[in-house]
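Numbers 167 to 451, taken from the working numbering, label the letters of the sequence shown in order. Let me begin by presenting the structure, written as structure tokens, before commenting on it.
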Amino acid sequence: MIDSSTRLYGLVGHPVAGSRSPWVHNFIFETFDIPAVYLSFNVESDKLQDAVNGFKAVGTKGFNVTIPYKTDIIPMLDRVDGTAMQLGAVNTVVYQDGDFIGYNTDGDGLIKVLERRLGPISNQRVLVLGAGGAARGICGSLMAGKAKAIGIWNRTEQKAHQLKLELETRDANECKVAVISAPALFSEYDLVINSTSVGMEPDIHESPIDVRFLSPQAVVCDIVYKPHQTQLLRDAALGGHDVIYGIEMLIEQGLLAQKLWNGLSDDALEPVRNALIREFEMLHK
Ligand code: NAP
Numbered sequence: 167m168i169d170s171s172t173r174l175y176g177l178v179g180h181p182v183a184g185s186r187s188p189w190v191h192n193f194i195f196e197t198f199d200i201p202a203v204y205l206s207f208n209v210e211s212d213k214l215q216d217a218v219n220g221f222k223a224v225g226t227k228g229f230n231v232t233i234p235y236k237t238d239i240i241p242m243l244d245r246v247d248g249t250a251m252q253l254g255a256v257n258t259v260v261y262q263d264g265d266f267i268g269y270n271t272d273g274d275g276l277i278k279v280l281e282r283r284l285g286p287i288s289n290q291r292v293l294v295l296g297a298g299g300a301a302r303g304i305c306g307s308l309m310a311g312k313a314k315a316i317g318i319w320n321r322t323e324q325k326a327h328q329l330k331l332e333l334e335t336r337d338a339n340e341c342k343v344a345v346i347s348a349p350a351l352f353s354e355y356d357l358v359i360n361s362t363s364v365g366m367e368p369d370i371h372e373s374p375i376d377v378r379f380l381s382p383q384a385v386v387c388d389i390v391y392k393p394h395q396t397q398l399l400r401d402a403a404l405g406g407h408d409v410i411y412g413i414e415m416l417i418e419q420g421l422l423a424q425k426l427w428n429g430l431s432d433d434a435l436e437p438v439r440n441a442l443i444r445e446f447e448m449l450h451k
């Protein structure tokens, strides 16, 4: 029941219609009897600072940030966690002792999904499609997880070179980073992650790559979750590849946000993750 003690959480972005984050967080609040509600706010860019001020004024306990504000929000916060600052992107904001503190749970959320399915990421050579905000977070977490190698393929190759440079200056571990300019090189990778927006509604018949260039054993993951079954995943499954759906990352990054907001433990969240995946699959049968 919503009453005067109900706490407010939310999502800011533009557009936000169709985001699944309210479904994830309101499900968690209900499951744990947390007196809170999560709403989406479609905010124009010149009103982002007003929205942040308003959230603080009304005592919001936390909010998520999505396209296109993950970077723009940074100077509007009181503090930003080291990883989010390195990535230059915040997707989760926590209210603590009068301050708004920014975090990034995108990359770590995906790594959790991948490690649950494939074992330690340190054994993997990973091809990342895209060099935008999501790719940046994912590559940062892949490096932190000591992936064996990362190949970056992007429509605008210059941006892939820029991301490679950023990764190499940030982290001097043994992960080999390369810019991939020809599909013939796709076959060198064990895992492919689509972090471009290609295939997202309404362009549901588009795929970022031709899966025939992949190694036959490669696992294919798409972080696009609208639609659930993207053209890339459909092609990959038809080609005999194991596939990982974007909704799993959305759920996992949401669970990490809930750990920050409400101190929920991994053990407590485990059945919720499974229930959310089951419900999503039933809705998309
Ligand atoms: P972004 O910063 O705008 O980056 C978009 C990327 O897609 C860029 O690499 C861009 O390449 C590429 N791209 C766009 N249109 C293309 C086209 N027609 N052909 C080839 N490449 C194209 O967006 P983002 O924040 O990284 O998000 C990317 C996608 O990930 C979105 O669909 C978003 O919904 C999804 N996402 C999912 C989750 C989840 O939890 N599942 C979390 C975060 C994001 P150029 O550099 O050449 O423009």
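Every residue, glycine too, gets a C-beta built ideally from N, C-alpha and C. Bear in mind that the values here come from a model prediction, so they are computed numbers and not experimental data.
Task: Ile446 versus Ile410: straight-line alpha-carbon distance, rounded - done: It is Phe, not Ile, that sits at residue 446 in the sequence shown. For Phe446 and Ile410, the distance between alpha carbons rounds to 14 Å.
- [ ] Could you tell me which residues DSSP puts in a beta bridge with Asp388?
- [x] Asn360
- [ ] With hydrogens ignored, establish whether the beta-carbon of Gly298 is closer than 7 Å to any heavy atom of the ligand NAP.
- [x] yes
Task: Touch test, the stretch 269–276 against the stretch 245–258, Cβ-Cβ under 8 Å, three pairs minimum - done: Segment contact: the stretch 269–276 against the stretch 245–258, three or more CB-CB distances shorter than 8 Å; contact assigned.
Task: Inter-residue Cα distance where the pair is Ile194 and Lys425 - done: 11 Å
- [ ] Return yes when the C-beta of Ala348 is under 7 Å from any heavy atom of the ligand NAP, and no when it is not.
- [x] no
Open item on the list: Taking only three categories from DSSP, how would you classify Lys314?
Closed with: Coil at Lys314, not helix or strand.
Open item on the list: Are there any heavy atoms of the ligand NAP lying less than 7 Å away from the beta-carbon of Gly374, as far as the coordinates show?
Closed with: The residue asked about is misnamed: residue 374 is Pro in this sequence, not Gly. It does: the Cβ of Pro374 is within 7 Å (strictly closer) of some heavy atom of the ligand NAP.
Task: Between the CA atoms of Thr237 and Leu398 - distance to the nearest angstrom - done: 28 Å
Open item on the list: Assuming the contact rule is C-beta atoms closer than 8 Å, Ala384 and Leu357 should be a hit. Round their C-beta distance to whole Å, please.
Closed with: Ala384 to Leu357, Cβ: 7 Å. Contact.
Open item on the list: For a test of the three-state rule: what should DSSP assign to Phe198, helix, strand or coil?
Closed with: coil
Open item on the list: At a cut-off of 7 Å, would you count Tyr391 as near the ligand NAP, judging by its Cβ distance to the nearest heavy atom?
Closed with: True, at least one ligand heavy atom lies under 7 Å from that Cβ.
TODO: Measure the Cβ-Cβ separation of Lys309 and Asn339 and say whether it is below 8 Å.
DONE: Residue identity check: residue 309 is Met in the sequence provided, not Lys. In this structure, Asn339 lies closer than 8 Å to Met309 by Cβ.
- [ ] Compute the distance between the beta-carbons of Leu351 and Gly317, then report whether it is under 8 Å.
- [x] Yes, the Cβ-Cβ distance between Leu351 and Gly317 is below 8 Å.
TODO: Taking only heavy atoms of the ligand NAP into account, decide whether any of them is closer than 7 Å to the Cβ of Lys325.
DONE: yes
Task: Ranges of the alpha helix (DSSP H) found wholly within the stretch 216–276, counting only runs of at least 4 - done: Within the stretch 216–276, the runs of alpha helix (DSSP H) at least 4 residues long that lie entirely inside it are, in chain order, 248–253.
Task: Ile233 beta carbon near the ligand NAP (any heavy atom closer than 7 Å) - done: Yes, the Cβ of Ile233 comes within 7 Å of a heavy atom of the ligand NAP.
Open item on the list: Ignoring anything shorter than 3 residues, give me the beta strand (DSSP E) runs that lie fully in the stretch 373–448, in order along the chain.
Closed with: 385–388
TODO: State the DSSP-derived secondary structure class of Arg336, mapped to helix, strand or coil.
DONE: helix
Task: Anticipated Cβ contact below 8 Å, Leu331 with Ser307, distance rounded - done: Wrong, their Cβ atoms sit about 18 Å apart, outside the cutoff.
- [ ] Would you decide whether Thr172 is buried or exposed? Buried here means 16 or more other CB atoms lie within 10 Å of its CB.
- [x] exposed
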